[in-house]
Amino acid sequence: MARTISYREAINEALTQEMERDESVIVMGEDNAGGAGDDAWGGVVGVTKGLFHKFPGRVLDTPISESAFVGAAIGAATRGQRPVAELVFIDFMGVCFDQIFNQAAKFRYMFGGNARTPVVIRTMYGAGLRAAAQHSQCLYPIFTHIPGLKVVVPSNPYEAKGLLIQAIRDDDPVIFCEHKALYDTSGDVPEDSYAIPFGEANVVRDGGDVTIVAIGRMVAVAEEAAKELAASEIEAEIIDPRTTSPLDTETILESVGNTGRLVVVDEASPRCNLATDISALVAKEGFGSLRAPIEMVTPPHTPVPFSDALEDLYIPDAQKVLNAAKAVVEYRR
Amino acid sequence: MARTISYREAINEALTQEMERDESVIVMGEDNAGGAGDDAWGGVVGVTKGLFHKFPGRVLDTPISESAFVGAAIGAATRGQRPVAELVFIDFMGVCFDQIFNQAAKFRYMFGGNARTPVVIRTMYGAGLRAAAQHSQCLYPIFTHIPGLKVVVPSNPYEAKGLLIQAIRDDDPVIFCEHKALYDTSGDVPEDSYAIPFGEANVVRDGGDVTIVAIGRMVAVAEEAAKELAASEIEAEIIDPRTTSPLDTETILESVGNTGRLVVVDEASPRCNLATDISALVAKEGFGSLRAPIEMVTPPHTPVPFSDALEDLYIPDAQKVLNAAKAVVEYRR
Amino acid sequence: MTDTLREAYRVMRTIRAFEERVHDEFATGEIPGFVHLYAGEEASAAGVCAHLDDRDAIASTHRGHGHCIAKGVDVKAMMAEIYGRKTGSCRGKGGSMHIADLSKGMLGANGIVGGGPPLICGTALAAKQQNTGGVGVAFFGDGAGNRGTTLEALNLASVWDLPALFIAEDNGYAEATSSTWSVASDTIADRAAGFGMPGVIVDGFDFFAVHEAAGEAVERARGGGGPTLIEVKFTRYFGHFEGVQQTYRAGEAADARENLDCLKRFRERVTDSGELPGPVLDDIDAEVAKLIEAAVSEAKAAPKPTKEDLETDVYVSY
Amino acid sequence: MTDTLREAYRVMRTIRAFEERVHDEFATGEIPGFVHLYAGEEASAAGVCAHLDDRDAIASTHRGHGHCIAKGVDVKAMMAEIYGRKTGSCRGKGGSMHIADLSKGMLGANGIVGGGPPLICGTALAAKQQNTGGVGVAFFGDGAGNRGTTLEALNLASVWDLPALFIAEDNGYAEATSSTWSVASDTIADRAAGFGMPGVIVDGFDFFAVHEAAGEAVERARGGGGPTLIEVKFTRYFGHFEGVQQTYRAGEAADARENLDCLKRFRERVTDSGELPGPVLDDIDAEVAKLIEAAVSEAKAAPKPTKEDLETDVYVSY
Ligand SMILES: Cc1ncc(C[n+]2csc(CCOP(=O)(O)OP(=O)(O)O)c2C)c(N)n1
Ligand SMILES: Cc1ncc(C[n+]2csc(CCOP(=O)(O)OP(=O)(O)O)c2C)c(N)n1
Ligand SMILES: [Mg+2]
Ligand SMILES: [Mg+2]
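This is how it looks when you write it as structure tokens:
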């Protein structure tokens, strides 16, 4: 298991292994093959590179017609295929959202249980690459809001591989959110195929003083903060929900039951996001054990700025998490 | 002021008065004139009826091309017009969301403050008319999530008129959410023009035992519950935020400061909605005065069912609000 | 062919009888929600679906009853669904705008105008990749022909060379807006060339015209020849949805009902030609009348879904 | 006309010099984010915008520098924006993909492919309602021609009879995907008929061809004659964005740079005809070189935005 690969490679490996295992798994997206028949790109970030030649006829380029091809992935899923569609940037959801939330997400319920739509939409989110307001959003809270969707936010290569394999095998529509700043990060990833179940949080670090729930790339930020907190003899427990829908409420509540304190770190815009969702959960179900206000560490309510000078201020960092954790630990009513 | 008109009429009156006042105000939408030149419909719910003949050239029909005409409204707003576009059902946002959240909402920030986009998008939301999963959603949490948008949810005819007038005069993009089950409800509305400022909640009812924050149509549901609560000698304070973005956090926090107890009633799907948003606000900023868990009364995490038997169970009702309020009032740690 | 004709007539008559009955029942106030009726347009659903079988999938519109019936969805389950009953096609969770039966290749009526064409690119892709010989058929209205999703799907179907049919049902209006105004080209079929596929226009009151054009297109698609756009021109008999006025075309609808009727035209032609004798058609009429009667009374008697049903069917696994 | 030509040349030269310099600067690692260069395509922006004035608005694409320069956006502010400086057109908040100057009628580069055409329907509508005689111009790529928003906008512009131009810039590729594959019709201009407007194809290396076609379309639009679709065909010189490989068209780009150059063609033509003498053009080249040099050094020296700037400019009123 001491094999280290990147987040990008982990995703590619999950696709490869599932395509080998199940021939109904197909892949489509802009330049996923590249130029319709070459393998020039493998998608704009190269995640699907190499699949085109390995799986003839099963890796499709698409015109820039997100409604049509995301819809096609959904339609194909109702007819026995297991499509994995790449919506390059999550920011582009606005041009195909109807197919996702009014079609895929609702088929099963609207049709009285008589539908299965095993489609995966892989999409890239998050800030940090100076990609500005239309290419840096998180937006997973929007998908989380919609009943009928499952939403996955892997925080490292190991999670990425196992969660994508689960996503492909899952019979419900899944939005698989890859953080653009994680593609080149590396980690230990088993070569064999494995699936990580949805709705089971990972306790990244044990600690009894404060619970920090962090999403996606924010897990690493929380870990950095936790190290510094430990130097001040504050032991933080870090929880990575891995999927925001379904959400493992039990693990979160249990942890807050022990620590009595909660910080939620969410890179998404602050209104109606996962930080509010998880805070509200705890304020409702875990109130009895709460010993301090719930802190949320999020960006401000602004679009993502372009200039590095501003973007670095925009994204939650370890210092802000540290401050929040200290504030709740030191809180006295 | 003892003039009673319907929610529908109040909206029509606001449009009429603003169009009279300012000739840059224009109206567009499917069948807003009706059949391109007649006044057959006034939009599918008749809100714009009569405007076509009153304001020649300023009330436009559109093809069923939401991206194009919502985008056109936005583009026209950057060039000195004040368009009010009708996106009939909020559920259709998925076919034009990009124009709203990546274009209108972000222009000002992306362009460094050098843009003004005074566009209003009127849209109908909510359950109760057996309109099923694709015509009954709330979705205002999604717009609230997006920095750069303002979001309005009028709860009665008086609010509808005053808030729409403000929306039209406002220089930012506004999503104006009309509840479909309110159009035929009536209330006192002054004939004169008046604007209700954004970000100022209305305290609908005073009470010292529990704060109930309710959105849109849920305000009436909360009032019904409050009457019954009063019979049990529980006095509920009801707050109608009127706009979810900006949100009047002060009024909410002040009320919870007095009551120590909060129930949020939100007709939107329960994950990442306004109920979680407001709960999280109070768990963070008002924790010191909280004396009980925060209760959220929302529908379940399912699409909206068609059958009346199910839809009636789906929508939050007074009984559920009553139960939640009693639970928090009776709570002992 | 006689069998085909008999069945096509049965389909058209069933649709007509179903819709007229729903119209009457709606007026009593017992049917909830939004109901859009297909009466007058029967030849399109029947003419196209006569060529389809289990390999094939269709996507419909908000005006979906006709497509459902033509693709073989159970009529009693449909009626029960419209009444919001647990015995309905969707256990009462969908209603008129969402009747579906995926086991029959009927991918659902759709509350979103233009929602279906992208989906059909997918069912056609699946058929192609699975080598079943199946085709995908998207029905959409003249109004939906102006939606970006529809236009993107036309291009994608050509680019991927899919076995697909796009049936533009031009009934003259989208709600109250005339298609002569909202469609900038003279016809919807004019758009086909811009997306690299043949475009055909047929008289939608003439079952045989629809049937022939669809037959050619289905054959081409099954043979790997790619997609086709067919524009079917006709009139709906009732208002845009039930309960709404149609002042914008006052005389027109009644007039159409009198003079433009695919069922009358069909009967004249097949009895004149001797392909089907009148009494056979009369028998079908009688059988259909009985079926609809039974469907309504059974629907009314059926139970509604209950509390236990509210939160099920959101996910396959939780 | 001499003035027009001189200015057009200056615009094209400025774009070319700007883009080549950004290309070099990007390679040093100092420019952040995604940068898409317009080099090779100058004749389109210059040929169209030569007809425009303050009444007119344009919407651009992710490949927006050329359109900005042609519509008169300040070149130094543009360069500063690309470097993320407070002195930039957008105070450093937008970057290459969002340069805009509404006071110049430049509605912004756009990170969303197909984002601009709907907006331009609105600016054209405003011009029409305000009776200014203004037109709206949407530039979009071959890839964007397959987006539903673009196609909806074409129809809307016709239906509303708007003073609008749709300039399809076919540079052969969308990212690495060839337009001969992704556009199902032979040409994008083929789509115009389906949306009730004239469609024209021009050689994008020939400024005069673009200028003439755009002139006719602008004149028609100002005169109330409705919208036009113009397809401009050419090649981009650099990769899809800076920092990316272009193995999929290895020799092609270099070859184009050598043999297909709107600036060379322009120079040949105007010097041959005597419309503009060589030294005048040389002077412009020298002036432009200086301007770009100054733009870069000023941009590098300019301050970045600070904490105080982070939360401003979200709303006009809070
Ligand atoms: C995206 C979207 N926009 C608008 C509507 C509202 N709407 C429902 S049916 C309809 C008219 C559709 O016209 P057409 O496509 O011609 O079909 P027809 O009703 O004539 O069969 C409209 C505008 C919708 N359901 N979805
Ligand atoms: C809606 C949307 N889909 C995909 C992308 C990613 N993307 C950016 S540029 C581009 C290619 C655009 O091609 P084209 O329209 O031909 O313009 P060109 O780059 O050739 O100038 C793509 C796919 C995007 N920005 N927006
Ligand atoms: Mg129609
Ligand atoms: Mg291109």
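Protein chains in written order, with the working numbering: chain A, 762 to 1094; chain B, 762 to 1094; chain C, 6 to 323; chain D, 6 to 323.
Glycine is no exception: its CB is placed at the ideal position from the N, C-alpha and C atoms.
Here the structure is a predicted model, which is why all the values come from computation and not from measurement.
- Excluding residues up to 5 positions away in sequence, A300, V301, A304 lie with their Cβ nearer than 7 Å to the Cβ of D/M84 in the same chain.
- In this structure, DSSP gives A/L990 a helical state, which the three-state scheme calls helix.
- In this structure the segment 221-229 of chain C touches the segment 163-181 of chain C; the number of beta carbon pairs closer than 8 Å is three or more.
- C/F145 has its CB nearer than 8 Å to a heavy atom of ligand 1.
- Per DSSP, C/I172 lies in no alpha helix (DSSP H) segment; the continuous beta strand (DSSP E) that holds it begins and ends at 169-175.
- Rounded to the nearest angstrom, the gap between the Cα atoms of A/Y768 and A/V935 is 19 Å.
- Counting other Cβ atoms within 10 Å of its Cβ, D/Y323 stays below 16 and is therefore classed as exposed.
- If you ignore the 5 residues before and after A/G1021, its C-beta comes within less than 8 Å of the C-beta of S1050, L1051, R1052, A1053, all in its own chain and listed in chain order.
- Runs of the beta strand (DSSP E) lying entirely within the segment 120-192 of chain C, each at least 3 residues long, are 141-146, 169-175 in chain order.
- Residue contact with chain D for A/R891: present (Cβ-Cβ distance below 9 Å to some residue of chain D).
- Residue state for D/L112 is assigned as coil, using DSSP reduced to three classes.
- Only residues of its own chain outside the window of five on either side were considered, and among them A888, V1065 have a CB closer than 6 Å to the CB of B/S897, listed in chain order.
- Shortest gap from the CB of D/N176 to any heavy atom of ligand 4: under 8 Å.
- Distance between A/R877 and C/D106, taken at the CA atoms: about 12 Å.
- Between ligand 4 and D/S184, a heavy atom-to-CB distance of less than 8 Å is present.
- In the DSSP secondary-structure assignment, B/P844 is bridged to B/I787.
- Taking a Cβ-Cβ threshold of 7 Å, the residues of chain C close to D/S163 are A189, in chain order.
- Residues of chain B with a Cβ closer than 8 Å to the Cβ of D/V142 do not exist; the shortest Cβ-Cβ separation is about 12 Å.
- Of all residues in the segment 856-867 of chain B, only V856, F858, D859, F862, N863, K867 place a beta-carbon less than 7 Å from a beta-carbon of chain A.
- For C/D195, the residues of chain D that pass the 8 Å Cβ criterion are A198, G199, in the order they occur in the chain.
- Across the structure, D/A48 and B/Q927 are spaced so that their CA atoms are roughly 46 Å apart.
- The alpha-carbon separation between B/G1047 and B/Q895 amounts to approximately 37 Å.
- Inclusion of D/E180 in the 8 Å shell around ligand 2 follows from its C-beta lying nearer than that to a non-hydrogen atom of the ligand.
- B/E998 is bridged by DSSP to B/T972.
- For B/G923, the enclosing alpha helix (DSSP H) has its first and last residue at 918-930.
- Per DSSP, reduced to three states, the secondary structure at C/A55 is coil, with no helix or strand assignment.
- For B/M854, a Cβ of chain A is located within less than 9 Å of the residue's own Cβ.
- Distances from the alpha-carbon of D/R262 to those of D/D79, D/G121, D/F243 put D/F243 closest.
- Taking C-beta separations shorter than 6 Å and ignoring five residues to either side along the sequence, the partners of B/P879 in its chain run A838, R843, D932, following chain order.
- Within chain C, the residues S94, C95, R96, A105, D106, L107, S108, D318 have their CB atoms less than 9 Å from the CB of A/N875, given in chain order.
- Interface criterion met: the Cβ of A/V805 is under 9 Å from a Cβ in chain D.
- Look at B/F872 here: in three-state DSSP terms it is coil, with no helix or strand label.
- Within a 10 Å sphere around the beta-carbon of D/G97 sit 16 or more other beta-carbons, which makes this residue buried.
- Taking C-beta atoms under 8 Å as the contact rule, B/A829 and D/C126 qualify, at a distance of about 6 Å.
- In this structure D/T9 is exposed. Its beta-carbon is surrounded by fewer than 16 other beta-carbon atoms within 10 angstroms.
- Around the beta carbon of D/P282, a 10 Å sphere encloses fewer than 16 other beta carbons of the protein chains shown; the residue is thus reported as exposed.
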